[in-house]
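Respectively, the protein sequence lines represent chains P and F.
Anchor point for the first sequence: position 232 equals 231 in numbering that gives the first Met the number 0, and the numbering is continuous, going up by one each time.
Anchor point for the second sequence: position 191 equals 190 in numbering that gives the first Met the number 0, and the numbering is continuous, going up by one each time.
Built from N, CA and C at the ideal position, the CB exists for glycine as well.
Comments concern the structure below.
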Amino acid sequence: MALCKLPKFSTELCQNSLISGYVKYLVKRSSSHFVYKPDENVNIQGEKTKMNMFQAINNALDTALRTDPKAVIFGEDVGFGGVFRCTLDLQKKYGKSRVFNTPLCEQGIAGFGIGVAVAGTTAIAEIQFADYIFPAFDQLVNEAAKYRYRSGNQFDCGKLTVRAPCGAVGHGALYHSQSPEAYFAHTPGIKIVVPRGPIKAKGLLLSCIRDPDPCLVFEPKVLYRAAVEEVPVDDFQLPIGKADILVSGSDITLIGWGTQVHVLKEVAAMLKDTHKISAEVIDLVSILPWDVDTVCKSASKTGRVIIAHEAPLTSGFGAELAATIQEHCFLKLQAPVTRVTGPDTPFPHVFEPLYLPTKWRCLDEALKLIDY
Amino acid sequence: MVKTFNLCKISVVMALRNSVLRTVPGLKKIVFNNGLRKSSSRLFSTEPNFPGAKTSWTEKLQFTETDSYAPIPVFRVMDRQGCVIIPDEEPQLGEETLLKMYKTMVVLNVMDKILYESQRQGRISFYMTNYGEEATHIGSAAALTLDDLVYGQYREAGVLMYRGFTLTQFIDQCYGNIDDLGRGKQMPVHYGSRELNFVTISSPLATQLPQAVGSAYALKGSNKVVICYFGDGTASEGDAHAAFNFSATLDCPVIFFCRNNGYAISTPVDEQYRGDGIAGRGPAYGIHTLRVDGNDVLAVYKATQFAREYALKANKPVLIEALTYRVGDHSTSDDSSAYRSPKEVAEWAANDYPTKKFRYYLENKGLWSEDKEKQLVEQTKKDVMIAFGAGEKKPKPKWTEMYEDVYKFLPPHIRKQREAMQDHVKKYREHYPLGSFQK
């Protein structure tokens, strides 16, 4: 598995500038399909400071280690700061026994993390790319998710959180671009969240770390540097299972998560400015459990729904939303619930611009629905 | 080009220096101090400097293979007649402990026999016996403390029994009744007990290995070890590799206890691996390793005790491979005569059976007799039958228990599914076995 990963920098040879240069290049190459706009109306009191998403995650991890003296962070290359800099300086600050590298083995990382959590210690595991979470699928699906249930609540691994960078990044191709949330959404017993920016990333990560159930956090890697906003420096948590209405509207509902939310916000602006159509944009935030009430309330109000995600269409999480919406809002719908997603192909390299559910594809579908 | 030339020149110089150093060892220090480039002085040492291994050079090309070193020997205390071979190696166990160990082995045998037959009669859905491997359970369990955390595979009921799990608790789990600690959710023999620090068994093989390592990491410094049992077949899973490697690199006080009983269902060990068993892999991971006669309860005890002491003192893993033989079928869903001869099984049962061997030892010490044996077997049969009868009569947990403990708190979507099912069951109650569940 290791050999297939993006250029990986060993601790000894790596220069920070090399990494940051690489990530900058990566972001520059990839940020064309969306425009990041910070959250408006953030209702969190206290001091705030400008952070990008990897800094906000780093800040959340720092907060978690500070407030829980037994919490540990581990994974491949997390010791020197992580290939995306999310664990920067944490080993220096908290020591090698609390922030450490593991051997290169995802099933081991997940299994080890479960064991740490079973013994009552907070375990924060990192899978270097969500594309490489599949070797850990058995541990996460058969073990982590079922631990409490199968033991009659005698044992659990609720103190486990697994972080994994996910989603398109411009040139990540098959194994540095995937969005595997739907595979895990079919698994009772785990919780799954996807942040859309720095504030969300910090608040959700802290919630997941402290939640009594095992959680997966899929972090859209293209946002690590591209997304910058004023992040509260204090300890705060944001709810799991709660969707956010980012733009209020009355004609059509656009639902997405992660990076796609920013695409949809642009689509809403285009619909409003060019076509005088009022779109409501919902960030689902939490994949499992997901916020049926917020989604169905909006769908009932607008009567038209587009769900957009980067992952392939067939059995993507959009299918779950679409089925639920038609069941709950049947009499209110004025057009079929429509999904704009990646095609049912592997995630390609040079064809990425035509693979993604771009704002143009979303706009096109939205206009079709309005005219339905 | 210039750069390449320079590099070549340096390597030539190095080669020359190395050849000089090899013939004139006294020069080593001087050359080091006056090296061409101080920062890379280690590259001028005579030994290989690769970060991947601390080793020496050789100019002879040859394979390292299984015959390059002798197989790891099997540690034993007793012979097949229960006689201690080297008196100094006999563990100094009190009469009470010895009898507790033996009695647990007998009770386990009797329970196995009755539950196996009850499955054959269709009274429980599934069962797995422990025949032939009683010494691996009891010997290791006796060498641990109740605070040590146990992760098992499924054929370690003796460990749980030694720790105090009652016949009633075993049977309640197999029935999945109202008193089952697992709330009727798993197949029979998937035991677990928080109170006894025995992590609930799950069916996927080897998943418990890296988990045991994680728990050992978390428990480091608490004067507890984690022991993790698994079979020779399970050791082929990727999770076993993950666990061995993580335990070594992360310095975890875990004892990996492999029950090598010769078979994984129908697959004999020569189709499972071609190295020196499971023990042969330990040193390759940098793990201290022991191989022990799994039919010799005293040898297993000593090995586990030795492993525990070292694991605690050094904060490092130990691998124990207990060689034994699976005398019973794999499970009640298996007929082992389809892939091995009943004669082979009978030979093991007759000539090298752990309970028998231990009984000889106790009789030699005057601690056991035919009368005592008869009495214990009869009493245990009665006890098992009573627990069995009671277990069978108990209702299953309330059916809505099905929705509990998926998460710590019931989420709205599962609550809705439960409510929908409650409405359905009200309408169609005659089509569901509601009578067997608690009201």
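C-beta contact flag for residue i and residue j at 8 angstroms
i                      : j                      : result
residue 307 of chain P : residue 356 of chain P : yes
residue 218 of chain P : residue 49 of chain P  : no
residue 133 of chain F : residue 354 of chain F : yes
residue 238 of chain F : residue 110 of chain P : yes
residue 331 of chain P : residue 298 of chain P : yes
residue 364 of chain P : residue 167 of chain P : no
residue 284 of chain F : residue 243 of chain F : yes
residue 426 of chain P : residue 209 of chain F : Residue 426 of chain P is absent from the model: chain P starts at 0 and stops at 371.
residue 123 of chain F : residue 296 of chain F : no
residue 126 of chain F : residue 70 of chain F  : no
residue 78 of chain P  : residue 116 of chain P : no
residue 407 of chain F : residue 211 of chain P : yes
residue 164 of chain P : residue 83 of chain P  : yes
residue 205 of chain P : residue 59 of chain P  : yes
residue 112 of chain P : residue 161 of chain P : yes
residue 304 of chain P : residue 340 of chain P : no
residue 181 of chain P : residue 35 of chain P  : no
residue 178 of chain P : residue 310 of chain P : yes
Through-space distance from residue j to residue i, alpha-carbon basis
i                      : j                      : result
residue 224 of chain F : residue 158 of chain F : 15 angstroms
residue 194 of chain P : residue 322 of chain P : 24 angstroms
residue 55 of chain P  : residue 345 of chain P : 31 angstroms
residue 279 of chain P : residue 262 of chain P : 13 angstroms
residue 409 of chain F : residue 294 of chain P : 20 angstroms
residue 321 of chain F : residue 135 of chain F : 7 angstroms
residue 22 of chain F  : residue 147 of chain F : Note that residue 22 of chain F scores a pLDDT of 40, beneath 50, so its modelled location is shaky; the value from the coordinates is reported in the next line. Residue 22 of chain F and residue 147 of chain F: Cα-Cα distance of roughly 55 angstroms.
residue 131 of chain P : residue 84 of chain F  : 53 angstroms
residue 277 of chain F : residue 231 of chain F : 7 angstroms
residue 265 of chain F : residue 188 of chain P : 34 angstroms
residue 452 of chain F : residue 293 of chain F : Given that chain F is displayed from residue 0 to residue 438, the structure contains no residue 452 of chain F and the question cannot be resolved.
residue 146 of chain P : residue 368 of chain P : 44 angstroms
residue 239 of chain P : residue 339 of chain F : 54 angstroms
residue 133 of chain P : residue 381 of chain F : 50 angstroms
residue 439 of chain F : residue 212 of chain F : Residue 439 of chain F is absent from the structure shown; chain F starts at 0 and stops at 438.
residue 168 of chain F : residue 101 of chain F : 20 angstroms
residue 275 of chain F : residue 201 of chain F : 28 angstroms
residue 257 of chain F : residue 226 of chain F : 10 angstroms
residue 202 of chain P : residue 41 of chain P  : 12 angstroms
residue 358 of chain P : residue 267 of chain P : 9 angstroms
residue 311 of chain F : residue 190 of chain F : 27 angstroms
residue 283 of chain P : residue 394 of chain F : 43 angstroms
residue 269 of chain P : residue 362 of chain P : 8 angstroms
residue 436 of chain F : residue 92 of chain F  : 47 angstroms
Endpoints, alpha helix (DSSP H) assigned at residue i
i                      : result
residue 58 of chain P  : 52-66
residue 277 of chain F : Careful: residue 277 of chain F lies outside any alpha helix (DSSP H) and carries neither H nor E.
residue 316 of chain P : 316-327
residue 285 of chain P : Segment 285-287 is the beta strand (DSSP E) holding residue 285 of chain P; no alpha helix (DSSP H) there.
residue 104 of chain P : Note, residue 104 of chain P: premise wrong, no alpha helix (DSSP H); not H, not E.
residue 385 of chain F : 369-392
residue 195 of chain P : Where residue 195 of chain P is concerned, there is no enclosing alpha helix (DSSP H), given that its DSSP letter is neither H nor E.
residue 173 of chain F : 166-174
residue 341 of chain P : No alpha helix (DSSP H) holds residue 341 of chain P; the beta strand (DSSP E) holding it covers 337-341.
residue 66 of chain F  : Careful: residue 66 of chain F lies outside any alpha helix (DSSP H) and carries neither H nor E.
Contact belief for residue i with residue j at Cβ below 8 angstroms, rounded distance in angstroms
i                      : j                      : result
residue 196 of chain P : residue 215 of chain P : 18 angstroms between Cβ atoms; not a contact.
residue 231 of chain P : residue 108 of chain P : Actually they do not touch by this definition, with Cβ atoms about 30 angstroms apart.
residue 80 of chain F  : residue 152 of chain F : Actually they do not touch by this definition, with Cβ atoms about 31 angstroms apart.
residue 103 of chain F : residue 161 of chain F : 5 angstroms
residue 303 of chain F : residue 142 of chain F : 4 angstroms
residue 253 of chain F : residue 131 of chain F : Not a contact, Cβ separation roughly 25 angstroms.
Limits of the beta strand (DSSP E) - the one that residue i falls within
i                      : result
residue 369 of chain P : That residue, residue 369 of chain P, is in no beta strand (DSSP E); its alpha helix (DSSP H) goes 358-369.
residue 99 of chain P  : 98-100
residue 259 of chain F : 253-259
residue 131 of chain F : Taken as a continuous stretch (DSSP letters only), residue 131 of chain F belongs to no beta strand (DSSP E), as it is neither H nor E.
residue 126 of chain P : That residue, residue 126 of chain P, is in no beta strand (DSSP E); it is neither H nor E in DSSP.
residue 214 of chain P : 214-219
Test: residue i CB closer than 8 angstroms to a CB of chain C
i                      : result
residue 406 of chain F : The question asks about chain C, but that chain is absent: this structure's protein chains are P and F.
Requested in this report: Could you tell me whether the segment 276-291 of chain P touches the segment 237-251 of chain P, where touching means 3 or more Cβ pairs closer than 8 angstroms?
Outcome: yes
Query raised in the report: Are the segment 147-155 of chain P and the segment 391-408 of chain F touching, with three or more C-beta to C-beta distances below 8 angstroms?
Result: Contact between the segment 147-155 of chain P and the segment 391-408 of chain F is present: 3 or more CB-CB pairs across the two stretches fall below 8 angstroms.
Query raised in the report: Taking one C-beta from the segment 112-126 of chain P and one from the segment 65-74 of chain P each time, how about it: are there three or more such pairs within less than 8 angstroms?
Result: Yes, the segment 112-126 of chain P is in contact with the segment 65-74 of chain P.
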